[in-house]
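Numbering (this note's numbering), first residue to last: 65 to 437.
Shown next, in structure tokens, is the structure this report addresses.
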């Protein structure tokens with residue numbers, strides 16, 4: 065199963081180009097296009113059903129389903145407090161960024177991970193990640209991007225795919241991250257409870273695109289102007305290769321700014337049909353100048369990484385027997401990664417890279433480490 069992930073990257077690009085042509089001809093229900101709208105409902109539904117079946121995959125049949133007992137996967141010692149708020153960016157006509165903070169109770173000067181939701185999400189997205197980090201002494205600030213959030217999806221789902229394919233449409237959400245970083249660093253309602261010198265970014269799907277752009281991904285027409293150079297690390301759940309409008313994968317990741325942990329699964333196809341799961345390793349393969357890790361979970365689908373205990377899309381469940389175990393692995397990886405990044409924790413780094421974390425994986429899961437060169 066891992067052979068596909070290690071296939072020649074040139075073949076991926078050929079595959080992606082051909083796939084776009086096929087999808088354009090067939091029509092995409094999730095993305096939507098004129099040709100699809102003209103098709104009989106039954107044909108479009110069959111196309112959507114086939115894609116959903118591919119995305120759900122086999123759930124890693126035969127893979128372990130037992131929960132992890134490792135302390136990094138279990139709830140930590142801190143009680144978790146939450147707080148809601150919003151920032152308004154006067155430089156962008158008062159654009160609002162809603163947020164939900166997860167903080168370790170009684171801790172002072174906690175580092176903070178800014179979490180960017182996927183298309184159609186809200187500041188409530190990824191709750192299990194925020195709660196878990198905070199219980200281990202690491203704050204999380206989950207932000208909501210107007211224009212690609214749940215309201216935008218309900219209004220017109222095509223807005224989500226447009227942001228993923230057109231950087232001009234995605235730019236407002238990418239700029240949200242840099243704005244929030246500046247707000248935290250100049251003093252915020254979170255005050256002395258956080259250490260604004262230790263900030264990181266994480267996100268799922270469109271939020272992973274946001275995460276990699278914040279970490280220095282070159283974007284056509286913008287260069288690195290959308291980056292947040294003050295961040296210390298990036299945790300990309302379901303990372304994506306650059307779509308055509310964003311630039312060339314061969315150069316987009318030349319000058320990344322912080323260590324990156326990429327996480328994906330063997331069934332992690334793009335929901336809009338742009339590419340299949342193996343292409344998600346392209347950012348890892350093309351980046352060379354920062355330390356990186358790539359975790360691939362057998363049977364994990366796209367919705368695994370959003371952190372929902374019962375992920376659904378348009379009434380179809382994408383849960384499977386090993387989902388909770390996969391969430392345990394993701395949570396453990398996040399604690400270890402952020403401790404190594406924020407605190408220079410040698411034990412956490414050794415656990416990740418010295419074989420201990422691999423011992424927690426299923427037989428067909430893989431973890432790769434690629435040091436900067």
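Every residue gets a Cβ at the ideal spot worked out from N, C-alpha and C, and that includes glycine.
Nearest neighbour of residue i, chosen from the options [CA to CA]
| i | options | result |
| --- | --- | --- |
| residue 522 | 288, 267, 355, 336 | Since the first residue shown for the chain is 65 and the last is 437, residue 522 is missing from the structure and cannot be characterised. |
| residue 300 | 398, 411, 135, 156 | 398 |
| residue 162 | 422, 421, 150 | 150 |
| residue 349 | 130, 179, 303, 154 | 303 |
| residue 261 | 339, 249, 138 | 249 |
| residue 234 | 247, 209, 254, 172 | 209 |
| residue 318 | 335, 343, 309, 287 | 287 |
| residue 139 | 158, 148, 168 | 168 |
| residue 370 | 136, 166, 170, 185 | 185 |
| residue 291 | 283, 285, 277, 284 | 277 |
| residue 159 | 270, 243, 204, 409 | 243 |
| residue 361 | 375, 329, 355 | 329 |
| residue 181 | 205, 434, 173 | 205 |
| residue 293 | 241, 269, 316 | 241 |
| residue 191 | 146, 214, 231 | 146 |
| residue 367 | 347, 396, 336 | 336 |
| residue 143 | 289, 376, 197 | 197 |
| residue 229 | 435, 364, 141, 308 | 308 |
| residue 395 | 305, 327, 338 | 327 |
| residue 216 | 331, 203, 237 | 237 |
| residue 406 | 372, 323, 347, 384 | 323 |
| residue 265 | 130, 343, 433, 202 | 202 |
| residue 341 | 355, 400, 381, 269 | 269 |
Residues sharing a beta bridge with residue i, DSSP
| i | result |
| --- | --- |
| residue 268 | 301 |
| residue 176 | 203, 263 |
| residue 365 | 331 |
| residue 185 | 213 |
| residue 326 | 300, 358 |
| residue 377 | 380 |
| residue 258 | 174 |
Span of the alpha helix (DSSP H) around residue i
| i | result |
| --- | --- |
| residue 432 | No alpha helix (DSSP H) holds residue 432; the beta strand (DSSP E) holding it covers 430 to 434. |
| residue 284 | No alpha helix (DSSP H) holds residue 284; DSSP gives it neither H nor E. |
| residue 404 | 387 to 407 |
| residue 348 | 346 to 350 |
| residue 413 | 410 to 417 |
| residue 129 | Neither: residue 129 is in no alpha helix (DSSP H) and is coded neither H nor E. |
| residue 292 | Residue 292 -> no alpha helix (DSSP H), and no H or E assigned at all. |
| residue 316 | 313 to 316 |
Boundaries of the beta strand (DSSP E) in which residue i is found, first to last residue
| i | result |
| --- | --- |
| residue 161 | 159 to 168 |
| residue 148 | 144 to 153 |
Distance between residue j and residue i (C-alpha atoms, nearest Å)
| i | j | result |
| --- | --- | --- |
| residue 175 | residue 351 | 26 Å |
| residue 263 | residue 297 | 8 Å |
| residue 223 | residue 379 | 20 Å |
| residue 257 | residue 239 | 25 Å |
| residue 95 | residue 173 | For residue 95, the predicted model reports a pLDDT of 32, less than 50, meaning its position is unreliable and no value from the coordinates is stated. |
| residue 274 | residue 283 | 11 Å |
| residue 156 | residue 393 | 39 Å |
| residue 404 | residue 127 | 29 Å |
| residue 225 | residue 247 | 29 Å |
| residue 310 | residue 435 | 26 Å |
| residue 413 | residue 136 | 13 Å |
| residue 389 | residue 373 | 11 Å |
| residue 391 | residue 177 | 18 Å |
| residue 306 | residue 416 | 28 Å |
| residue 315 | residue 285 | 14 Å |
| residue 411 | residue 384 | 33 Å |
| residue 430 | residue 219 | 39 Å |
| residue 255 | residue 409 | 25 Å |
| residue 419 | residue 154 | 48 Å |
**OP:** At 3 residues or longer, and completely inside the stretch 200 to 249: list those beta strand (DSSP E) runs for me, N to C.
**Re:** Every beta strand (DSSP E) of 3 residues or more that sits fully in the stretch 200 to 249 is shown, in chain order, as 203 to 208.
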